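Below is one structure; the comments refer to it alone.
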Amino acid sequence: MTSVCGVRSAAEVNPLSHRVGATVRCPAALLPVSMGDEPVGEGPGGEGPGGEGPGLLDEALQRWMTWDQETLPGFKWIGNRMHELSKTGNTVIFAFEESIGFLCGSMVPEKDGVSSAAVVAEMAAYLHNKSLSLNQQLHNIYQTYGHHVSRTSYVVCNDPSTIQKIFSRIRNFDGEGSYPKSCGGVRIVHVRDVTTGYDSSRADLRSVLPVSSSGHMITFTLQNGVVATLRTSGTEPKIKYYTEFCAAPGKSDVSSLEEELSTVTAALLNDFLEPERNNLIRRFI
Numbered sequence: 001m002t003s004v005c006g007v008r009s010a011a012e013v014n015p016l017s018h019r020v021g022a023t024v025r026c027p028a029a030l031l032p033v034s035m036g037d038e039p040v041g042e043g044p045g046g047e048g049p050g051g052e053g054p055g056l057l058d059e060a061l062q063r064w065m066t067w068d069q070e071t072l073p074g075f076k077w078i079g080n081r082m083h084e085l086s087k088t089g090n091t092v093i094f095a096f097e098e099s100i101g102f103l104c105g106s107m108v109p110e111k112d113g114v115s116s117a118a119v120v121a122e123m124a125a126y127l128h129n130k131s132l133s134l135n136q137q138l139h140n141i142y143q144t145y146g147h148h149v150s151r152t153s154y155v156v157c158n159d160p161s162t163i164q165k166i167f168s169r170i171r172n173f174d175g176e177g178s179y180p181k182s183c184g185g186v187r188i189v190h191v192r193d194v195t196t197g198y199d200s201s202r203a204d205l206r207s208v209l210p211v212s213s214s215g216h217m218i219t220f221t222l223q224n225g226v227v228a229t230l231r232t233s234g235t236e237p238k239i240k241y242y243t244e245f246c247a248a249p250g251k252s253d254v255s256s257l258e259e260e261l262s263t264v265t266a267a268l269l270n271d272f273l274e275p276e277r278n279n280l281i282r283r284f285i
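Take the sequence shown: its position 214, counted from the start at 1, is 214 in the UniProt record's numbering, and no numbers get skipped.
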């Protein structure tokens, strides 16, 4: 319909009205526009503006000296944190979770595809007046803050005891109480384990995020800048894995970034989760 009507861009809201996507019309195709990634970094109560993660949003906020905060997965955590921040005079202007939804403004502390679609339309109109498309603006953002690539997938494990065994092995990978030291041949410089409350990047070795013993969530920061997370789903028998890589501004060889991230992602899956040994069901896409 976008092509027939000659519309340059479109925002799509899912039937439950809590997710939104954007599509841009190009000369030969309709291209989806990435709408963001899992937020990283710390805000009030942390160590400073931005944070230590490589996320595209974090890179932009560091330049603008604007705070961002990371929460546990789920909009209940985001909404609760918004409420806490409002008590200290802070205003949240945007929040999102990987693959789940977006929150624009602070009127409704919940993911909202309808208001997000309105913001996308407003943004598209603004850019149209500058002879730019959403896709062109995304390219400009990459040029300014660095190209961002990410991978997200999962494996299915129907045996809770196997999940416990997998994460126990990771926490004792190189001896008792010793996490893996490398992934895909790249040195791991920091480990954060939300389940145990451990964070090697902090002076007190304690995670800023609340300890959550109801599931497993471990994040690895690698020397090359890749950040990789393994976590269990709270609603399904899945182990999810996320990897992201934000290159330095001006680094335009996207294929090399993709290859580097793919190598780390494959090692995260095969070396840490061991799908064949643990009878995990891979997600093929």
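Cβ atoms here follow ideal geometry from the backbone N, Cα and C, with glycine treated the same way.
Computed from a predicted structure; not experimentally measured.
Touching or not, the region 117-126 and the region 211-221, by the rule of three or more beta carbon pairs under 8 angstroms?
The region 117-126 vs the region 211-221: no contact.
Sub-8 angstroms separation of R151 and L261 beta-carbons:
The answer is yes: Cβ separation under 8 angstroms.
CA-CA distance, R283 and K130?
Approximately 42 angstroms, taken between the alpha carbons.
Residue range of the unbroken alpha helix (DSSP H) whose run includes M82:
Segment F75 to K87, the alpha helix (DSSP H) holding M82.
Which complete beta strand (DSSP E) runs does the region 184-247 hold, if anything under 3 residues is left out?
DSSP runs (the beta strand (DSSP E)) wholly in the region 184-247: 186-193, 217-222, 227-232 and 238-246.
Beta-carbon spacing of S182, Y241 below 8 angstroms
No, these two residues do not count as a Cβ contact at 8 angstroms.
From the DSSP output, in three-state form, read off G43 for me.
Residue placement at G43 is flagged as unreliable, the pLDDT there being 42, under the threshold of 50; a coordinate-derived value is accordingly withheld.
Can you find at least 3 beta carbon pairs, one from the region 135-149 and one from the region 105-122, that sit closer than 8 angstroms?
Here the region 135-149 does not lie against the region 105-122, with fewer than 3 beta-carbon pairs under 8 angstroms apart.
Assign V264 to one of three DSSP states: helix, strand, or coil.
Note: V264 maps to helix in three-state DSSP.
With 16 other CB atoms within 10 Å as the buried threshold, where does P44 fall?
Residue placement at P44 is flagged as unreliable, the pLDDT there being 43, under the threshold of 50; a coordinate-derived value is accordingly withheld.
Mapping the DSSP letters down to three states, classify F96 as helix, strand or coil.
It is a strand residue.
Would you say the region 256-274 touches the region 177-191, given that touching needs at least three Cβ pairs under 8 angstroms?
Because the criterion of three Cβ pairs below 8 angstroms is met, the region 256-274 and the region 177-191 touch.
Three-state secondary structure assigned by DSSP to residue 307:
Residue 307 falls outside the range modelled here, since the chain spans only 1 to 285, and no answer is possible.
F272: which of G197, T162 and A118 sits nearest, CA to CA?
Nearest to F272 by alpha-carbon distance, out of G197, T162 and A118, is T162.
With DSSP collapsed to three states, give me the class of I281.
In the three-state reduction of the DSSP assignment, I281 falls in the strand class.
What residue from E274, G250, P249 and T243 has the CA that sits closest to E259's CA?
Among E274, G250, P249 and T243, the Cα nearest to that of E259 is on T243.
Could you give the distance in angstroms between the alpha-carbon of R231 and the alpha-carbon of G215?
So the alpha carbons of these two residues sit roughly 7 angstroms apart.
Using DSSP's beta-bridge definition, name the partner residues of V156.
The partner list for V156 (beta bridge, DSSP) reads K238 and I281.
Inspect the CB distances between the region 275-282 and the region 185-204 and report whether three or more fall short of 8 angstroms.
The region 275-282, when compared against the region 185-204, does not touch it at the 8 angstroms Cβ threshold.
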